[in-house]
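Residues 513 to 750, numbered by the numbering used here, are exactly what the sequence shown covers, in order. Notes to accompany the following structure.
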Amino acid sequence: MQPSSLSNIQWEVVSVDEAHRLKNEKSKLYIECMKINTLKRCGLTGTVMQNKIMELFNLFDWVVPGGLGTREHFREFYDEPLRLGQRLSAPKKFVKVAEERKQHLASVLQKYMLRRTKDETIGHLMKGKEDNIVFCSMSEMQKQVYRRTLQLPDIQCLINKNLPCSCGSPFKQSECCRRTVPDGVIWPYLHVDNPEGCESCPYCIVLPCFVKLQQISNHLELVKPNPRDDPDKTEKRC
């Protein structure tokens, strides 16, 4: 069924499973879901927020449009104070404001969110589990790929983030010339629509870089392109 067919119907209620996929307001999925005409919207997810708090706004703005205010208001009132207050070097004043905004946001979300844990639902049916941790060394091929990956401009940017910038300025590399990584592999893919970089650069690539190294450590097949994948997905995996 084409997305346009769904938007031409007046629905009573629309439920979206794996609703965290609506985190990106620029994605085709988000845009098409916003076009659906319905009186009620429900989202099911085990991960309300993954990386950035603005993802939380996007998800709830689909469920209850305008329920969290405008995007600009949410960014100024919640996103920026929380981001500034979570820095290691944040002044006590910023930390205090961040905690207040976090509590305020939690109280607002309670009106729209129903949370159920396993202990509340099927906890009595679950048996205790036993974890056996087995350490496995990487193969020689994995070690070679791992070392080569460490030399990627993206990862080198993170490794050297606190070194003085080579341009001679008094700033660190991550605050000056190496805040963005246009010559990298991961950074350009994440910023294809924003070549100037985002507010979190270069720390926005920390998680993707860790994931890539973790995949290499687990099995090289995880980073091997699949010829049946579409070109965009293949480029991302490479």
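Beta carbons are placed, not taken as given, at the ideal position from N, Cα and C, and that holds for glycine.
Short Cβ contact (7 Å threshold) for residue i with residue j
{"i": "L571", "j": "L534", "result": "yes"}
{"i": "V463", "j": "Y624", "result": "Limits of the chain in this structure are 513 at one end and 750 at the other, which puts residue 463 out of reach."}
{"i": "S686", "j": "P714", "result": "yes"}
{"i": "F586", "j": "F569", "result": "yes"}
Distance cut-off 6 Å: residue i Cβ against heavy atoms of the ligand MN
{"i": "I645", "result": "The ligand MN is absent from the structure shown, which contains no ligands of any kind."}
Nearest to residue i (by Cα), restricted to the options the options
{"i": "D529", "options": "T557, I634 and N674", "result": "T557"}
{"i": "M566", "options": "L551, T550 and E588", "result": "E588"}
{"i": "R691", "options": "F647, L670, K605 and G578", "result": "L670"}
{"i": "M561", "options": "A618, D631 and N520", "result": "A618"}
{"i": "M546", "options": "N563, V526, T559 and K564", "result": "V526"}
{"i": "Q554", "options": "K540, W523, N536 and N563", "result": "The question names Gln, yet the displayed sequence has Cys at residue 554. It is W523 whose Cα lies nearest to the Cα of C554."}
{"i": "Y542", "options": "F606, K655, A531 and E652", "result": "A531"}
{"i": "N496", "options": "E537, I521 and K564", "result": "This structure leaves residue 496 out entirely; the chain is present only between 513 and 750."}
Residue i in three-state terms, based on DSSP
{"i": "C545", "result": "helix"}
{"i": "K614", "result": "helix"}
{"i": "V718", "result": "helix"}
{"i": "T661", "result": "helix"}
{"i": "E524", "result": "strand"}
{"i": "C669", "result": "helix"}
{"i": "D631", "result": "helix"}
{"i": "D573", "result": "helix"}
{"i": "G555", "result": "strand"}
{"i": "I698", "result": "helix"}
{"i": "K604", "result": "helix"}
{"i": "D591", "result": "helix"}
For the 8 Å Cβ check, are there 3 or more pairs between the stretch 630 to 640 and the stretch 701 to 709? Too few Cβ pairs lie closer than 8 Å, so no.
Inter-stretch contact at 8 Å, needing at least 3 Cβ pairs: the stretch 672 to 686 / the stretch 728 to 735:
Counting Cβ pairs under 8 Å, fewer than three are found: no touch.
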